[in-house]
Amino acid sequence: MLKKITNYLTPKKVEDYYDAWTANYLTGFGLIFQSKVAENDDQLIQYYAGQMGIQDGLTILDAGCGVCGVAVELAKLNTITIDAVTISKEQVSFGKELVSKHGLDEKITVFKDDFHLLSNFKHNHYDIIYFMESLVHSNNPRKVIKRAKQLLKPDGVIYIKDLFEKTPYTKSEQKDIRKWVKHNNKHIKLNIIPKEKLLMILRKEGFQLEFCQLMKIPTNQDKGNKFVVDFHIMPDPLKNSLPPYLEWYEIKAIKPGPNIIQKM
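Take the position in the sequence shown, starting the count at 1, then add 48; the result is the number in the numbering used here.
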């Protein structure tokens, strides 16, 4: 079964979590709430822009925008329009302030909404929809992908950078991986799945896969590791023998249109 609905995870729980924890995330991560990042934010944003194919004139949806850290930096680089969506009212408030602070109100609009629904958003409207370590908060990723497909223009891009359950090599390793995945799911309101499940969802929804790969720039998890230790979410990996249980991938796929030959 592709879409496993986890008992502990609902959109409301994710909303409550970020309303309570956004200040902590700002302390731990800065304006970009991601556990896998580059050496500096400029390098990370330039990389994302290139991977997604962002250029002037595009209309973009940031699905799970956090406090608009990524959206603001992308909008500085290009003449683009971004609709930024978060389920947290705290993040909406902070995001709007950040957008205004940088004079980007004409480029970025921030919405409080659930990316499973987005009922007031136009079909066939966006050139790019991206998820930056946000889809992992969905208890029904297929529903999110299905909705994203409706909102994308033909030949539109879906870009997902996220954390996934590491592929195990032995049954013993699988047991350890699932133990710590379950721990993270519970405490950070996640639904970490193997990347293969997400690829299957994209395939079933008719997307044309461009790539599924490790990021092609130097990255680290230093901020994420420090965050989970400082806020007592995880034991210190330097003092405890924790197995590697996560892997980070970037996935780019295209909604079939006139410029795409369907190969999947």
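Yeah, the Cβ is synthetic: ideal placement off N, Cα and C, and Gly gets one too.
Treat the numbers as computed from the prediction; the structure is a model and nothing was measured.
Could you name the residues of the same chain whose beta carbon sits closer than 6 Å to that of residue i, not counting the 5 residues immediately before and after it, in chain order?
i	result
Ile299	Ile208, Cys260
Met49	Its pLDDT being 36, under 50, Met49 is placed unreliably by the model, and nothing is read from it.
Ala196	Ile177, Ile206
Gly151	none
Gly272	Ser83
Going by other Cβ atoms of all chains shown within 10 Å of its Cβ, with 16 needed for buried, is residue i buried or exposed?
i	result
Asn307	exposed
Pro202	exposed
Asp210	buried
Asp131	buried
Met248	exposed
Asp284	exposed
Asn187	buried
Tyr217	exposed
Ala68	exposed
Lys84	buried
Ile281	exposed
Gly101	exposed
Going by the beta-carbon positions, is the gap between residue i and residue j smaller than 8 Å?
i	j	result
Lys214	Ile206	no
Tyr178	Ala111	yes
Leu79	Val133	no
Lys160	Lys191	no
Leu92	Ile128	no
Lys149	Val158	no
Using C-beta distances below 7 Å, list every residue in its chain close to residue i, excluding the 5 sequence neighbours before and after it, in chain order.
i	result
Lys237	Leu57, Lys61, Val62, Tyr65, His185
Gln82	Met180, Glu181
Pro292	Lys214
Pro59	Ile135, Asp162, His164
Ile53	Because the pLDDT at Ile53 is just 41, under 50, the model does not fix this residue reliably, and the value given afterwards should be weighed accordingly. So the list reads Asn187, Asn188, once near-sequence residues are dropped.
Lys243	Phe212, Cys260, Tyr297
Gln99	Tyr207, Glu298, Lys300
Lys219	none
In its own chain, which residues sit with a C-beta less than 8 Å from the C-beta of residue i, not counting the 5 before and 5 after it?
i	result
Lys194	Glu253
Tyr95	Ala86, Met263, Lys264, Ile265
Ile240	Val184, Leu211, Phe212, Glu213, Val229, Asn232, Asn233, Leu294
Leu199	Leu109, Leu166, Phe169, Lys170, His171, Asn172, His173, Tyr174, Ile177
Phe279	Asn72, Gly76
Asn88	none
Leu146	Leu79, Val115, Cys116, Gly117, Val120
Lys223	none
Give me the residue from the options with the minimum Cα distance to residue i.
i	options	result
Ser141	Ile128, Gln198, Thr70, Trp296	Thr70
Gln103	Asn126, Gly114, Ile93	Asn126
Leu109	Trp296, Asp162, Val276, Lys223	Asp162
Val276	Phe77, Ala123, Gly117, Ala68	Phe77
Glu154	Asn172, Val120, Tyr174	Val120
Trp296	Gln269, Ile281, Lys223, Lys274	Gln269
Gln139	Leu74, Leu122, Ala123	Leu74
Kindly identify the DSSP beta-bridge partner or partners of residue i.
i	result
Lys209	Met180, Glu298
Lys160	Thr134
Asp110	Ala132, Tyr178
Cys260	Ile299
Val85	Asn268
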